[in-house]
Amino acid sequence: NAGVMQNPRHLVRRRGQEARLRCSPMKGHSHVYWYRQLPEEGLKFMVYLQKENIIDESGMPKERFSAEFPKEGPSILRIQQVVRGDSAAYFCASSPGSYNEQFFGPGTRLTVL
Amino acid sequence: GENVEQHPSTLSVQEGDSAVIKCTYSDSASNYFPWYKQELGKRPQLIIDIRSNVGEKKDQRIAVTLNKTAKHFSLHITETQPEDSAVYFCAAGYQKVTFGTGTKLQVIP
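Taken in sequence, the protein lines are chains F and E.
Mapped onto our numbering, the consecutive letters of the first sequence carry residue numbers 1 to 113.
Mapped onto our numbering, the consecutive letters of the second sequence carry residue numbers 1001 to 1109.
Here it is in structure tokens:
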């Protein structure tokens, strides 16, 4: 059973470009969570999704950020018009239900030049 | 929303000694309390978790205690080894969890 997959592992963008981060949950998991981690800091919750639904996006900036988890395919975290402050590691996690252990992916390290 | 505080931010212990990390939370509705270990440059990995209907849980050298009345929970690592060196995060919540700010544990050989 493959674990949570994220790609790309490293992503470099120039200011103003778009960043698309993908997350494939573990088989059988229908709940996906996205977190942002700055160097030497903790994990900040961004958004919680189930298939085709956003359950909680209270941690997501109102502008430039969006997330989806379609019926088919991976979950996507999209950052439009990136700025240097968006540079961070973005982790997704999946679980079979909302009260279960979250399994983390390896993360995508975004660098904005 | 939930607010989780974690102390200390850094902790150095001699190999073989015990390490204790403490967390407090604010939302009395929280009923799930996981602990994650994150090594440098790697993903967080669950090491132990506890639910609100249990006061204590142990797994080999690791134990977690929960005091729902006081809204605090703690991680205890006994007989620490150099490979225990990492950053440890507590979390609390129900439908989603909120993470603490992390404790950097250094085990000195």
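Think of the CB as a built atom: it goes at the ideal place given N, C-alpha and C, for glycine as much as any other residue.
These numbers were taken from a predicted model, which means no experiment stands behind them.
I think E:Ser1052 touches E:Lys1068, with their Cβ atoms under 8 angstroms apart; what is that distance to the nearest whole Å?
Correct: roughly 6 angstroms between the Cβ atoms.
Find the residues of chain E that neighbour F:Pro106, judging by a C-beta separation of less than 9 angstroms, and give them in chain order.
Lys1042 and Arg1043
Find the residues of chain E that neighbour F:Gly42, judging by a C-beta separation of less than 7 angstroms, and give them in chain order.
What F:Gly42 touches in chain E: Phe1089, Phe1099, Gly1100, Thr1101 and Gly1102.
Nearest to F:Leu38 by CA position, among F:Gly85, F:Pro25 and F:Leu77, is which residue?
F:Gly85
At 9 angstroms on the CB atoms, spell out the chain F contacts of E:Gln1095, in chain order.
Per Cβ cutoff of 9 angstroms: Tyr48, Ile55, Asp56, Ser98 and Tyr99.
Taking Cβ positions, are F:Ser30 and F:Met5 nearer each other than 8 angstroms?
Their beta carbons are not under 8 angstroms apart, which means F:Ser30 does not touch F:Met5 by this criterion.
With a threshold of 8 angstroms, are at least 3 pairs of Cβ atoms found where one atom belongs to the region 1077-1085 of chain E and the other to the region 1045-1062 of chain E?
yes
Reduced DSSP category for E:Glu1056 - H, G, I as helix; E, B as strand; rest coil:
strand
Same chain only: Cβ atoms within 8 angstroms of E:Gln1045, ignoring 5 sequence neighbours per side
Closer than 8 angstroms at the Cβ level, and outside the excluded window around E:Gln1045, lie Tyr1036, Lys1037 and Gln1038.
Against chain E, with Cβ distances strictly below 8 angstroms, would F:Phe90 count as a contact?
In the sequence under discussion, the amino acid at residue 90 of chain F is Tyr, which differs from the Phe named in the question. Chain E contact via Cβ: absent.
Cβ-based burial, F:Thr108 [other Cβ within 10 Å; buried from 16]
F:Thr108 should be labelled buried.
Strictly below 7 angstroms CB to CB, what residues from chain F border E:Leu1046?
Glu101
Whether E:Thr1103 touches E:Ile1048 by CB criterion (8 angstroms):
No, the pair does not count as a contact, with Cβ atoms beyond the cut-off.
Between the Cα of E:Arg1043 and the Cα atoms of E:Tyr1094, E:Gln1106 and E:Phe1089, which residue gives the shortest distance?
Comparing Cα positions, the closest option is E:Phe1089.
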